[in-house]
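Chains as they are written, first to last, in my numbering: chain A, 13 to 412; chain B, 25 to 438.
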Amino acid sequence: MERWQPRGRGRGRGRGRYSSSSFGQSNDSGPSKASNHARKTTTNRNDAEDLPNLIGTCPFMCPIEERTQRERLRDLAIFERLNGNPSKSSSTLAVKKFCRTISSKDLHNVDLRPLPVLQHTLNHLLTIFESKEHEHPFEAVHDFVFDRTRSIRQDLSMQNIITGHQAVNIYEQIVKFHIISQYKLRRNSSNSNALSPMHHLNMEQLTKTLTSLYHLYDTNRTSSFTNEAEFYSFYVLLHLDSNHQPTGESLSLWFKTLPFSIIKSKEMMFTRKLLRCFRFGNYKSFLHYVETEASCLQYYVLEPYICEIRAFGLGCLNHGGYKLNPYPLLDICKVLIMEECDVESFCKDCGLDTFVSDEGVKFMPTKQTSFCYPKGSQRYYPLVSNRLKKFYDEAFGEML
Amino acid sequence: MASYMSMGEAHRRITEYLNRFTDVVSYQDGSSLKQLLSLSSESPSFLALADALNIFQDANRVIRQADKYSQYAEIVAPLFRAMQSYRVGHFAESYQAFEKSANAFIQEFRNWESAWALEALYVVVYEIRILAERADRELASNGKTPEKLKAAGSFLMKVFGVLAGKGPKRVGALYVTCQLFKVYFKLGTVHLCRSVIRSIETARIFDFEEFPVRDKVTYMYYTGRLEVLNENFPAADHKLSYALSHCDPQSVANIRMILKYLIPVKLSIGILPKRTLLEKYNLVEYNDIVLAMRRGDLRLLRHALEQHEDRFLRSGVYLVLEKLELQVYQRLVKKIYMIQKQKDPSKAHQIKLEVIVKALKWLQMEMDIDEVECIMSILIYKNLVKGYFAHKSKVAVLSKQDPFPKLNGKPINS
Numbered sequence: 013m014e015r016w017q018p019r020g021r022g023r024g025r026g027r028g029r030y031s032s033s034s035f036g037q038s039n040d041s042g043p044s045k046a047s048n049h050a051r052k053t054t055t056n057r058n059d060a061e062d063l064p065n066l067i068g069t070c071p072f073m074c075p076i077e078e079r080t081q082r083e084r085l086r087d088l089a090i091f092e093r094l095n096g097n098p099s100k101s102s103s104t105l106a107v108k109k110f111c112r113t114i115s116s117k118d119l120h121n122v123d124l125r126p127l128p129v130l131q132h133t134l135n136h137l138l139t140i141f142e143s144k145e146h147e148h149p150f151e152a153v154h155d156f157v158f159d160r161t162r163s164i165r166q167d168l169s170m171q172n173i174i175t176g177h178q179a180v181n182i183y184e185q186i187v188k189f190h191i192i193s194q195y196k197l198r199r200n201s202s203n204s205n206a207l208s209p210m211h212h213l214n215m216e217q218l219t220k221t222l223t224s225l226y227h228l229y230d231t232n233r234t235s236s237f238t239n240e241a242e243f244y245s246f247y248v249l250l251h252l253d254s255n256h257q258p259t260g261e262s263l264s265l266w267f268k269t270l271p272f273s274i275i276k277s278k279e280m281m282f283t284r285k286l287l288r289c290f291r292f293g294n295y296k297s298f299l300h301y302v303e304t305e306a307s308c309l310q311y312y313v314l315e316p317y318i319c320e321i322r323a324f325g326l327g328c329l330n331h332g333g334y335k336l337n338p339y340p341l342l343d344i345c346k347v348l349i350m351e352e353c354d355v356e357s358f359c360k361d362c363g364l365d366t367f368v369s370d371e372g373v374k375f376m377p378t379k380q381t382s383f384c385y386p387k388g389s390q391r392y393y394p395l396v397s398n399r400l401k402k403f404y405d406e407a408f409g410e411m412l
Numbered sequence: 025m026a027s028y029m030s031m032g033e034a035h036r037r038i039t040e041y042l043n044r045f046t047d048v049v050s051y052q053d054g055s056s057l058k059q060l061l062s063l064s065s066e067s068p069s070f071l072a073l074a075d076a077l078n079i080f081q082d083a084n085r086v087i088r089q090a091d092k093y094s095q096y097a098e099i100v101a102p103l104f105r106a107m108q109s110y111r112v113g114h115f116a117e118s119y120q121a122f123e124k125s126a127n128a129f130i131q132e133f134r135n136w137e138s139a140w141a142l143e144a145l146y147v148v149v150y151e152i153r154i155l156a157e158r159a160d161r162e163l164a165s166n167g168k169t170p171e172k173l174k175a176a177g178s179f180l181m182k183v184f185g186v187l188a189g190k191g192p193k194r195v196g197a198l199y200v201t202c203q204l205f206k207v208y209f210k211l212g213t214v215h216l217c218r219s220v221i222r223s224i225e226t227a228r229i230f231d232f233e234e235f236p237v238r239d240k241v242t243y244m245y246y247t248g249r250l251e252v253l254n255e256n257f258p259a260a261d262h263k264l265s266y267a268l269s270h271c272d273p274q275s276v277a278n279i280r281m282i283l284k285y286l287i288p289v290k291l292s293i294g295i296l297p298k299r300t301l302l303e304k305y306n307l308v309e310y311n312d313i314v315l316a317m318r319r320g321d322l323r324l325l326r327h328a329l330e331q332h333e334d335r336f337l338r339s340g341v342y343l344v345l346e347k348l349e350l351q352v353y354q355r356l357v358k359k360i361y362m363i364q365k366q367k368d369p370s371k372a373h374q375i376k377l378e379v380i381v382k383a384l385k386w387l388q389m390e391m392d393i394d395e396v397e398c399i400m401s402i403l404i405y406k407n408l409v410k411g412y413f414a415h416k417s418k419v420a421v422l423s424k425q426d427p428f429p430k431l432n433g434k435p436i437n438s
């Protein structure tokens, strides 16, 4: 996707005091986070004190100057085109792009959107995202919403908006978008062997948005937010496997800083229960609890671990099972919460043979030496569950 | 409150300090210098000097009066301001000024060839951290962003850089490292420890054995704690054990701190502390956990975790302790085996899964037979139990030889 640059300002210039990387990376509110050891400041003052107080005044989803510029350059996303015209948009279609190289010295209030406009913009984007019509491939929808929500976060950050329910709500909705996208992208890429780069980038922004959200929760400790516990639970669920930590920090360290009310919340107690099962390797309980208690979003985050723990479970059954007692597939179904045909397929993915007895019953022999973890992008077999089935359908609409 | 001091008296105290300072520096008397730099000690002479400064108000004039004073103006003038602010309880201001003074001190320190002022440097480094902590508390209580401790971290990194050279000053680097650890642990930014650890452990100029014992113990304590956070148990054991064995046996508080983290590590590799040890060092929160492991009592383990949940979470060992469940299960199965052995040795190695269900029920833990089979399969897979399970007859068959392998100081393989 072509990158739009603000005309003249900032382009090709050296770094402003707040380099683009500080916005690209952390979306944290407050430019004081931008200071690091390498950067010299001539004064001891906190950088935030020097920042002019930016208050957005742009009333549109996209500043007029940017829109006319992009119309001229024919740099409009599909969803921004008026009647499909690649060089014509409108104030109800154009959405401000994320700009990597903006330096806040060059910003003007008229370029930034105030909170109500940002909420309106987000609503517009989410409408596109949640639309059940499938005119365009999901990747295109995701790409567009991904970039434009990033721009929303950028506007919030530059205006140093770190308080209030509305800001929290925006971040929560964006986290939700990333989670649902992650789920759908994963499904779409299961045909190829490697996970697409989009997948990694989405995960990156998911964790960044979560971090910003937690910062907001923290600075607004006196208020209470209804969804807070669930959104904290996502962090744990993203770090179940210590080998795949997106932010590289230990969970023990993270738990140290959590407020007591969150630790004792229903959502966090559930998540900690899952964490305990996962670390123990208790595949039966883990799958059971996911099936009976996980919320929709929690399920989307958890799905990658389901295959992993199922494989571990299969490995245990194969390893410890009595040689003369081949394991009936129907019993594996019960434990791993899978359909029988999926169990057969999954055994194959794990390098294990199955056979059919004379009576027509299917078995998996134990003590096979060929067991291995499924390679590449794992094929996903749904958890057999009426409760979870709603979540599968919700994400994909009435597809197929 | 300071008792009344006349202007004359104030002036006298200030010049007295300045004379002492300049003498001490010219004689390169490190241990006397360090006493002149400590604010947080709140010694009577410091308090009196601070009062004098606040009364006199124009100490800079005195500094400028004589060349022998003014050559150290960059260090002393902001130091005086730091003292004044400290005396009236303005810690953020005090930190600001002290950092300026410390900066100037570092520049001078660089120029002094020998390491005579190292102890004074330690005091400066310590004061930076302590003042920053107080400053942040003050800022937070006034609703402002606490950022002095973070600044202290940056400053200490600079000091580290000054010491990281070939000369005799380099033995001070470990002390500064430990102060940095304390800063990072307090801020929760422990990932920043990585770079300074790398410098200490890989730079050729440093020989770990050359550092003072006290600093080595502190260093191993903090790096050991990092290993605990990352659940690298062999490394954690090595480091914390080093700290323990080299720690001054008289300093009970320090031993306690080391044990607080070493015990969960030892438990994870199957080594249980004696009750007497726990009681001697007041670590009774681990009592029930050890008991649960001896008994194979899963309910007791869970109860103990819940009872001290907050404490364990805050020290970061909760997840480590939770994982002891595996060993508790192993112990439970072993106990059943031993009971069966007494009744009928020839059949002891066959344990009906139903019996395990009953045992768990007796511990008030409801678990169906499928889940018990699941647990057994995991114990076998992780080599905590040697044997197999017969799915059809719902029996676990243990190996006749060494059915419950000991961990032997190694963590459970996953």
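A virtual CB, placed ideally from N, CA and C, is assigned to each residue, including glycine.
Coarse secondary structure for residue i, derived from DSSP in three states
{"i": "A/P71", "result": "coil"}
{"i": "A/N97", "result": "strand"}
{"i": "A/I192", "result": "helix"}
{"i": "B/I375", "result": "strand"}
{"i": "B/V341", "result": "coil"}
{"i": "A/P394", "result": "coil"}
{"i": "A/F290", "result": "helix"}
{"i": "A/F150", "result": "helix"}
{"i": "B/G167", "result": "coil"}
{"i": "B/G411", "result": "strand"}
{"i": "A/T219", "result": "helix"}
Delimiting residues of the alpha helix (DSSP H) encompassing residue i
{"i": "B/F235", "result": "Element bounds for B/F235: n/a, residue is neither H nor E."}
{"i": "A/I114", "result": "Looking at the DSSP string, A/I114 is not in any alpha helix (DSSP H), and its letter there is neither H nor E."}
{"i": "B/G177", "result": "172-187"}
{"i": "B/G294", "result": "That residue, B/G294, is in no alpha helix (DSSP H); it is neither H nor E in DSSP."}
{"i": "B/S55", "result": "54-60"}
{"i": "A/E356", "result": "352-361"}
{"i": "B/P429", "result": "Unbroken run through B/P429: none, as it is neither H nor E."}
{"i": "B/G191", "result": "No alpha helix (DSSP H) holds B/G191; DSSP gives it neither H nor E."}
{"i": "A/I174", "result": "First-last for A/I174: undefined, no H or E at that position."}
{"i": "B/G32", "result": "31-50"}
{"i": "B/R318", "result": "311-319"}
{"i": "B/V323", "result": "The sequence given here places Arg at residue 323 of chain B; Val does not occur at that position. Looking at the DSSP string, the run of the alpha helix (DSSP H) that includes B/R323 is 322-331."}
{"i": "B/C202", "result": "197-211"}
7 Å Cβ shell around residue i - same chain, five flanking residues per side excluded
{"i": "A/A306", "result": "L314"}
{"i": "B/S223", "result": "A188"}
{"i": "B/S109", "result": "E117, S118, A121"}
Chain-order list of residues whose beta-carbon lies under 8 Å from that of residue i (same chain, five-residue window excluded)
{"i": "A/L225", "result": "V180, Y183, E184, V187, F243"}
{"i": "B/M317", "result": "L291, L296, L325, L348, Q351, V352, R355"}
{"i": "B/R280", "result": "Y305, N306, L307"}
{"i": "B/Y361", "result": "A372, H373, I375, L422, P427, F428"}
Short Cβ contact (7 Å threshold) for residue i with residue j
{"i": "B/V100", "j": "B/F129", "result": "no"}
{"i": "A/I349", "j": "A/E303", "result": "yes"}
{"i": "A/K296", "j": "B/E395", "result": "yes"}
{"i": "B/E143", "j": "B/S55", "result": "yes"}
{"i": "A/K117", "j": "A/F150", "result": "no"}
{"i": "B/F122", "j": "B/A139", "result": "no"}
{"i": "A/H154", "j": "A/S208", "result": "no"}
{"i": "B/V183", "j": "B/R134", "result": "no"}
{"i": "B/R238", "j": "B/Y285", "result": "no"}
Segment limits, beta strand (DSSP E) that includes residue i
{"i": "B/V419", "result": "419-422"}
Beta-ladder partner(s) of residue i, from DSSP
{"i": "A/G372", "result": "DSSP output for A/G372 lists no bridge partner at all."}
{"i": "A/F367", "result": "A/F375"}
{"i": "A/P340", "result": "A/F375"}
{"i": "A/G333", "result": "B/F413"}
Other residues of its chain near residue i: CB distance less than 6 Å, five sequence neighbours each side excluded
{"i": "B/L204", "result": "L180, V220"}
{"i": "B/D160", "result": "P170, K172, L173"}
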